[in-house]
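Note sheet for the following structure.
Protein chains in written order, with our numbering: chain A, 275 to 348; chain B, 11 to 683.
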């Protein structure tokens with residue numbers, strides 16, 4: 275899995291001319307079963323629409339922070 | 011306005027949704043939201059129209075009309091300024107959509123992502139156009155009405171970079187094994203998932219914050235995912251490597267399950283007074299009839315199936331029942347009936363009154379066009395224009411030297427686009443009772459490009475149907491020997507020879523077609539019909555069975571088999587096959603007639619009367635039907651019998667015309683232009 279190297283900034287995909295980057299968290303859940311998503315997984319939050327947006331943003335923010343701290347910690 | 015049976019309607023469009031994909035998932039409990047909808051409501055097949063092009067179909071769904079009446083004839087059209095081509099626009103639509111009709115009746119609509127809705131019409135309610143979902147931030151002007159909602163809704167759009175690995179792993183569990191630098195498929199999946207999620211975010215925001223009487227939401231995910239990933243769906247296709255199959259085989263099931271999750275979320279926002287209607291515009295091949303991947307890429311339409319899905323649930327709708335004979339043209343009339351509004355007489359569809367709990371007789375008016383236009387939320391008349399005419403106007407300005415011409419390749423692109431849309435219009439007209447209107451259009455297309463064999467054959471078929479035999483013969487004689495040898499053209503030559511009175515030649519053409527039948531179900535159905543004319547019952551039945559093997563949801567072949575059974579005195583089998591045929595397509599007059607004959611011969615008098623009356627209502631062979639009804643009604647309703655006898659007598663005094671309704675499903679497959 276890839277992560278964006280070392281920077282906190284997330285590119286604005288709307289202005290990217292080339293292929294858009296997909297942010298992958300370093301720690302993914304290897305036991306995801308197809309389509310069987312127990313709430314509140316990120317996919318369930320995505321399916322929830324506006325109700326899931328805040329939670330997804332919070333999740334993303336947490337993961338970005340975790341990525342950054344992993345890079346800075348010895 | 012009559013009291014509305016239902017208070018509000020939630021219309022959900024799942025492009026390309028197909029029961030063949032859905033049913034196994036329902037059976038294994040993997041689409042619980044849809045299962046609940048079906049259990050408490052009604053489900054059925056939904057017949058599509060030709061050509062199977064989504065902008066045309068979703069506009070037919072929204073207007074209740076064929077494309078010749080609504081004017082949307084393709085994915086793209088010339089830009090009004092002549093600078094090139096762009097996606098098809100709402101200004102090109104020639105008639106009102108359901109949201110316009112509701113607007114002028116003081117009802118609110120929230121519309122999300124519907125095809126051909128850009129620029130946004132100033133309706134009573136909210137319009138979020140198809141282009142809103144794909145336009146960059148700087149180009150969102152006119153994509154939302156009212157415009158003050160644009161920024162807030164734009165903030166809800168989901169972008170691929172905000173997706174997590176586990177979002178994609180639900181579709182591609184072995185995602186971590188992929189090299190994303192060399193395999194772009196996960197990225198394409200991410201883009202499509204993000205778009206669908208954007209629709210969901212906007213829809214869920216509007217459904218709870220903006221009042222509505224009609225909420226209509228369009229999701230293109232199943233179709234978009236299908237064009238990319240259906241080749242990997244089980245069973246493994248010949249051209250798919252083992253590795254690709256292992257990696258991507260779960261994508262389509264995952265996509266359907268995600269749609270079910272979104273359905274569940276959306277349904278949390280409605281009350282028991284809301285009627286939910288879930289439809290697709292066409293089905294999608296997902297089994298052994300899938301075209302090879304390379305063929306599918308060249309001709310995406312080849313992946314589409316004739317029947318999509320329909321599912322309804324609401325306070326006015328029966329529970330746990332089936333809907334039969336529905337087409338995409340029926341959705342708008344049904345919504346109007348649910349909301350207590352008159353159905354337009356100029357609409358080509360019918361309301362599904364048979365699935366209403368209580369008898370409803372909607373008012374009918376001649377049409378909604380030209381009535382209350384100032385309240386309908388339409389674009390101004392200056393904005394609305396035929397794109398081909400606009401392109402012509404620009405051309406004239408170029409010729410006069412007022413504006414510089416676009417580059418030659420742009421001009422060619424514009425010409426190709428106009429031509430492509432005219433061909434789509436011709437294909438659409440061939441499906442309607444207005445087939446004769448296709449003739450001047452096809453002549454024009456053929457004059458522009460005399461070597462266009464599809465146009466030549468389509469024109470020959472029209473001319474044959476209209477009795478212009480010499481013209482049809484002249485055209486068919488110009489086809490290349492290879493084309494003439496094709497089964498489809500052999501059938502056309504057979505029909506022509508029969509019309510010319512040359513039975514021997516006609517039969518030789520039919521036999522040649524049968525020998526080179528190929529695999530297309532429509533061609534086999536045509537061959538079957540041709541054998542019927544020679545009373546070659548065994549050969550006809552064999553051809554119809556081959557047609558059914560290729561496509562089980564096949565009204566033409568089912569009706570053909572019914573005809574064979576009638577000829578052989580097998581009444582019950584005839585009734586069984588006819589019922590299956592009309593169960594798939596309601597507007598199939600011959601099938602209703604054959605059903606009636608079978609029922610009559612089986613001694614089921616009341617049922618036979620109902621079937622004859624349906625066929626009569628669809629315009630089929632009035633003289634024969636009145637005669638049958640006059641006899642059948644003798645004991646049950648002598649007054650009615652007398653009326654039918656009178657009608658029969660009057661018709662006998664006039665020149666006899668057989669109703670010229672040919673099911674378009676009995677015509678051959680149309681090659682891509």
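From the three backbone atoms N, C-alpha and C, an ideal C-beta is built for every residue, glycine too.
(request) Could you name the residues of chain A that residue 166 (chain B) contacts, counting a contact when the two beta carbons are closer than 9 Å? (result) Chain A residues near residue 166 (chain B): 323, 324, 327.
(message) I need the DSSP call for residue 168 (chain B), collapsed to helix, strand or coil.
(response) Residue 168 (chain B): coil per DSSP, three-state reduction.
(request) Taking 8 Å as the threshold, find out whether the segment 242–250 of chain B comes into contact with the segment 225–234 of chain B through three or more Cβ pairs. (result) With a cut-off of 8 Å, the segment 225–234 of chain B and the segment 242–250 of chain B do not count as touching, because too few Cβ pairs lie within range.
(request) Enumerate in chain order the residues of its own chain whose CB-to-CB distance from residue 4 (chain B) is below 6 Å, with the five nearest sequence positions on each side excluded. (result) Residue 4 (chain B) falls outside the range modelled here, since chain B spans only 11 to 683, and no answer is possible.
(message) Does chain B have any CB closer than 8 Å to the CB of residue 320 (chain A)?
(response) Yes, residue 320 (chain A) counts as interfacial toward chain B.
(request) Kindly indicate which three-state DSSP category residue 275 (chain B) falls into: helix, strand or coil? (result) Shown here, residue 275 (chain B) sits in a helix according to DSSP, grouped into three states.
(request) Assign residue 196 (chain B) to one of three DSSP states: helix, strand, or coil. (result) If DSSP states are grouped into helix, strand and coil, residue 196 (chain B) belongs with the helices.
(request) Check whether the segment 383–397 of chain B touches the segment 356–375 of chain B, taking contact to mean three or more Cβ pairs, one atom from each stretch, closer than 8 Å. (result) Result no; under three Cβ-Cβ pairs closer than 8 Å.
(request) Kindly say whether residue 338 (chain A), judged by its beta-carbon, lies nearer than 8 Å to any beta-carbon of chain B. (result) Output row for residue 338 (chain A): interface = no.
(request) Check each candidate in B:475, B:500, B:476 and name the one with the smallest Cα separation from residue 487 (chain B). (result) Answer by Cα proximity: B:500.
(request) Determine, using beta carbons only, whether residue 106 (chain B) and residue 379 (chain B) come nearer to each other than 8 Å. (result) A contact, by the Cβ cut-off of 8 Å.
(message) I'd like to know if residue 341 (chain A) contacts chain B, where contact means its C-beta is closer than 8 Å to some C-beta of that chain.
(response) No, residue 341 (chain A) lies away from the interface with chain B (no Cβ there is under 8 Å from its Cβ).
(message) Taking the alpha-carbon of residue 317 (chain A) as reference, which of B:584, B:317, B:270, B:81 has the nearest alpha-carbon?
(response) Checked all of B:584, B:317, B:270, B:81; the closest Cα to residue 317 (chain A) is B:270.
(request) Taking residue 316 (chain A) as the query, report the chain B residues whose CB atoms sit under 7 Å from its CB, ordered along the chain. (result) For residue 316 (chain A), the C-beta contacts it makes with chain B under 7 Å involve 174, 176, 177, in order along the chain.
(message) Taking 8 Å as the cut-off, does the segment 125–144 of chain B touch the segment 95–103 of chain B (at least 3 CB pairs, one atom from each stretch)?
(response) Touching, yes.
(request) Quickly, what does DSSP pair residue 336 (chain B) with across the bridge? List them, please. (result) Answer is B:56, bridged to residue 336 (chain B).
(request) Below 7 Å CB to CB, which residues in the same chain sit around residue 551 (chain B) once its five sequence neighbours on both sides are set aside? (result) For residue 551 (chain B), where only same-chain residues beyond five positions count, the Cβ hits under 7 Å are 571, 574.
(request) Tell me whether the beta-carbon of residue 39 (chain B) lies closer than 8 Å to the beta-carbon of residue 320 (chain B). (result) Result no, Cβ atoms of residue 39 (chain B) and residue 320 (chain B) do not sit closer than 8 Å.
(request) Decide if the segment 323–337 of chain B is in contact with the segment 592–599 of chain B; the criterion is three or more beta carbon pairs, one per stretch, under 8 Å apart. (result) Note that the segment 323–337 of chain B touches the segment 592–599 of chain B; at least 3 beta-carbon pairs, one per stretch, sit closer than 8 Å.
(request) Starting from residue 88 (chain B), trace the beta strand (DSSP E) both ways and give me its first and last residue. (result) From DSSP, the beta strand (DSSP E) with residue 88 (chain B) extends over 86–88.
(request) Consult DSSP for residue 393 (chain B) and reduce its assignment to one of helix, strand or coil. (result) Residue state, collapsed to three classes: coil.
(message) Using the Cβ count rule (16 or more neighbours within 10 Å means buried), how would you classify residue 176 (chain B)?
(response) It counts as buried.
(message) Let me make sure I understand the geometry here. Which of B:383, B:274, B:238, B:329 has the alpha-carbon closest to that of residue 116 (chain B)?
(response) Of the candidates B:383, B:274, B:238, B:329, B:383 places its Cα closest to the Cα of residue 116 (chain B).
(message) Does any residue of chain A have a CB that is nearer than 8 Å to the CB of residue 27 (chain B)?
(response) So, not an interface residue.
(message) Rounded to whole angstroms, what is the Cα-Cα separation between residue 469 (chain B) and residue 46 (chain B)?
(response) Residue 469 (chain B) and residue 46 (chain B) have their alpha carbons spaced roughly 48 Å apart.
(request) Determine whether the Cβ of residue 234 (chain B) lies closer than 8 Å to any Cβ atom of chain A. (result) Using a CB distance cut-off of 8 Å, residue 234 (chain B) does not count as an interface residue toward chain A.
(message) On the DSSP letters alone, give me the boundaries of the beta strand (DSSP E) that residue 122 (chain B) sits inside.
(response) Start and end: 119–122.
(message) Which same chain residues end up closer than 8 Å to residue 473 (chain B) when comparing Cβ atoms and leaving out the 5 residues on each side of it in sequence?
(response) In its chain, beyond the 5 residues on either side, 449, 479, 481, 482, 485 have a beta carbon closer than 8 Å to the beta carbon of residue 473 (chain B).
(request) With a threshold of 16 other CB atoms inside 10 Å of the CB of residue 646 (chain B), please say whether the residue is buried or exposed. (result) Per the 10 Å Cβ criterion, exposed.
(request) Helix, strand or coil for residue 104 (chain B), going by three-state DSSP, please let me know. (result) DSSP places residue 104 (chain B) in coil when its eight states are reduced to three.
(request) Quick one: list the residues of chain A neighbouring residue 214 (chain B), beta-carbon separation under 8 Å, in chain order. (result) Residues of chain A passing the Cβ test: 322, 323, 324, 325.
(message) Checking 8 Å against the spacing of the C-beta atoms, do residue 181 (chain B) and residue 321 (chain A) come in under that value?
(response) Not in contact: residue 181 (chain B) and residue 321 (chain A) (Cβ atoms no closer than 8 Å).
(request) Starting from the beta carbon of residue 207 (chain B), find every residue of chain A whose beta carbon is closer than 7 Å, and list them in chain order. (result) Those are 320, listed as they occur along chain A.
(message) Against residue 536 (chain B), what residues of chain A qualify as contacts under a CB-to-CB distance less than 9 Å, listed in chain order?
(response) What residue 536 (chain B) touches in chain A: nothing, since even the nearest Cβ is about 41 Å away.
(request) Check each residue of the segment 265–294 of chain B: if its Cβ is closer than 7 Å to any Cβ of chain A, include it; give the result in chain order. (result) Answer set for the segment 265–294 of chain B: 267, 268, 271, 272, 275.
(message) Helix, strand or coil, according to DSSP, for residue 307 (chain A) in the structure here?
(response) For residue 307 (chain A), the pLDDT reaches just 41, beneath the cut-off of 50, and the residue's location in the model is therefore unreliable, although a value from the coordinates is still provided. DSSP, read as helix, strand or coil, puts residue 307 (chain A) in strand.
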